[in-house]
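Enquirer: FYI, the numbering for the sequence shown is 10 to 356, going by our numbering.
Note that CB positions come from ideal geometry on N, CA and C, so glycine has one too.
Okay, here's the structure, questions in a sec.
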Amino acid sequence: MARILYGVHGTGHGHAIRALAVARLFPEHEFHFVSHGTGLELLRREYPATECPNPETIVTGHRVRAAATLASLVRFQRRRADHLRTVRDLFVRFRPDAALTDYECLVPAAARELGVPSLSLDHQHILLLCGSCVPFARYPEYLATVWAIRKLFSGAAEHIATSFFPAPCPPATDELRVVPPLIRPSVREQAPSDGEHVVAYQGYSTFARFVPFLRRIHRPVMVYGLEQTGRDGNLLFKPNKEAEFLRDLAACRYVICGGGHSLISEALYLGKPVVSFPIRRAIEQFINAWQVEHLGYGRMLSSFRPPSDFIDHFESHMDPCRERIRAGTFCGNDVVLKQIRVFIETA
10 MARILYGVHG TGHGHAIRAL AVARLFPEHE FHFVSHGTGL ELLRREYPAT ECPNPETIVT
70 GHRVRAAATL ASLVRFQRRR ADHLRTVRDL FVRFRPDAAL TDYECLVPAA ARELGVPSLS
130 LDHQHILLLC GSCVPFARYP EYLATVWAIR KLFSGAAEHI ATSFFPAPCP PATDELRVVP
190 PLIRPSVREQ APSDGEHVVA YQGYSTFARF VPFLRRIHRP VMVYGLEQTG RDGNLLFKPN
250 KEAEFLRDLA ACRYVICGGG HSLISEALYL GKPVVSFPIR RAIEQFINAW QVEHLGYGRM
310 LSSFRPPSDF IDHFESHMDP CRERIRAGTF CGNDVVLKQI RVFIETA
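Below you can see the structure in the form of structure tokens.
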């Protein structure tokens, strides 16, 4: 048995869901997590976890607020030494044999100081290879994100980037490997079918035009991620319960979601076409949504004021989407787990 300290970025659910999948697949090892925000809430339900902040991306109105995000980074940097001391003390108490990180900056920094082997598993590092996908007008945003990845979140000795799309440019060194997504066992257990309903998920319940858009769909829509429950016309608002959500996801006709990598990957694994609406000014989500459309897996929705025939046109072209999805590879569990296992055994 190995003791593993696992740093997890706490904004949203994707990082924590991926980290939980890793921990559940290695029950023979002892895990202690470091996280914050919604990620901390998820992780604490199953494992010991210590709260410690990281730089956050501030989103309101389905848009990244650059000034607020910069202010958050400045506040974090001012107290970084104190936060690093907290994590360093945790290393001393927990005495980990190895450290993992999912887009978290303090655990790999402390691991490097204390000589503990560290491995990064996230999606964000594939952005270092995606410059060719970025429109010229979005390049300043892309460069700022790449700077943050390199300067803040690249402290681990090795990096694995999971991705439902291939890297546009090959990695320059062996320190970064790109593999298909890690799919949690509860998703792999589902038996997909093509029902009549749509699953819609919004991780940030601040976008007013989302619900009116869903009302235009001539199907039942199971809506997750919003702070309400009950029926409203064709919409059924449901609480975020994993088992029920996955049943609805596996049986739906298609998925409407943001640009987050985890849910897009799970939808594609289950064979579902995707309508992706990336958070504005979030270049990672833009690239994910662009790849969905570019690879023929669905459509990117850059505005919730689309043409009136958007849904009808999308639904009439779902069969070609399904064919392209069936030809894709969306589960990299074997290769990811092998690389993590080798890392832990040689730590």
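1. What residues in its chain sit with their C-beta under 8 Å from that of F339, if we drop five residues either side in the sequence?
2. For H18, which residues of its own chain have a beta-carbon under 7 Å away from its beta-carbon, when the five flanking residues on both sides are left out?
3. Give, in chain order, every unbroken run of the alpha helix (DSSP H) that is at least 4 residues long and sits entirely within the segment 144-199.
4. Using DSSP with H/G/I as helix, E/B as strand and the rest coil, what is T95?
5. How far does the alpha helix (DSSP H) with S274 in it extend, from its first residue to its last?
6. For the alpha helix (DSSP H) containing I320, list its first residue and its last residue.
7. Please list the terminal residues of the continuous alpha helix (DSSP H) segment that includes R218.
8. Compute the Euclidean distance between the alpha carbons of R218 and V73, then round it to the nearest angstrom.
9. Give a yes or no on whether the C-beta atoms belonging to V96 and C61 are separated by under 8 Å.
10. Scan the segment 237-268 and note each continuous beta strand (DSSP E) run of 3 residues or more that stays entirely inside, going in chain order.
11. Identify, in the order they occur along the chain, each residue of the same chain with its Cβ nearer than 7 Å to the Cβ of A165, setting aside the five sequence neighbours on each side.
12. With L128 as the anchor, note down where its alpha helix (DSSP H) starts and where it stops.
13. Assign F286 to one of three DSSP states: helix, strand, or coil.
14. What's the C-alpha gap between E122 and H206?
15. Can you give me the start and stop residues for the beta strand (DSSP E) that G16 sits inside?
Expert: On the basis of the supplied data:
1. Within the sequence shown, the letter at position 330 stands for residue 339. Within the same chain, F339 has close Cβ partners F173, P189, P190, I192, S274, L277 and Y278.
2. The residue you call residue 18 lines up with position 9 of the sequence shown. H24, G48, N63, D111, Y112 and E113.
3. 148-161 and 194-197
4. Translated into the one-based positions of the sequence shown, residue 95 becomes position 86. Looking at T95 - three-state DSSP - the assignment turns out to be helix.
5. Counted from its first residue, the sequence shown places residue 274 at position 265. Looking at the DSSP string, the run of the alpha helix (DSSP H) that includes S274 is H270 to Y278.
6. The residue you call residue 320 lines up with position 311 of the sequence shown. Its alpha helix (DSSP H) spans residues F319 to S325.
7. In the sequence shown, the residue the question calls residue 218 occupies position 209. For R218, there is no enclosing alpha helix (DSSP H), as DSSP marks it with neither H nor E.
8. For the purposes of this step, residue 218 is taken as residue 209 along the sequence shown, with counting starting at 1. For the purposes of this step, residue 73 is taken as residue 64 along the sequence shown, with counting starting at 1. Rounded to the nearest angstrom, the two C-alpha atoms are 17 Å apart.
9. Taking the first residue of the sequence shown as 1, we reach residue 96 at position 87. Taking the first residue of the sequence shown as 1, we reach residue 61 at position 52. Yes, the pair counts as a contact, with Cβ atoms nearer than the cut-off.
10. 239-241, 244-246 and 263-266
11. Position 156 of the sequence shown, counted from the first residue, corresponds to residue 165. Answer for A165: T110, P117, S127, L128 and S129, listed in chain order.
12. Against the sequence shown, residue 128 aligns to sequence position 119. L128 -> not in any alpha helix (DSSP H); beta strand (DSSP E) instead, spanning S127 to D131.
13. Position 277 of the sequence shown holds residue 286. Coil, per DSSP.
14. By 1-based counting over the sequence shown, the position of residue 122 is 113. By 1-based counting over the sequence shown, the position of residue 206 is 197. In a straight line, the C-alpha of E122 is about 52 Å away from that of H206.
15. Stepping through the sequence shown from its first residue, residue 16 is reached at position 7. According to the DSSP assignment, G16 belongs to the beta strand (DSSP E) that extends over R12 to V17.
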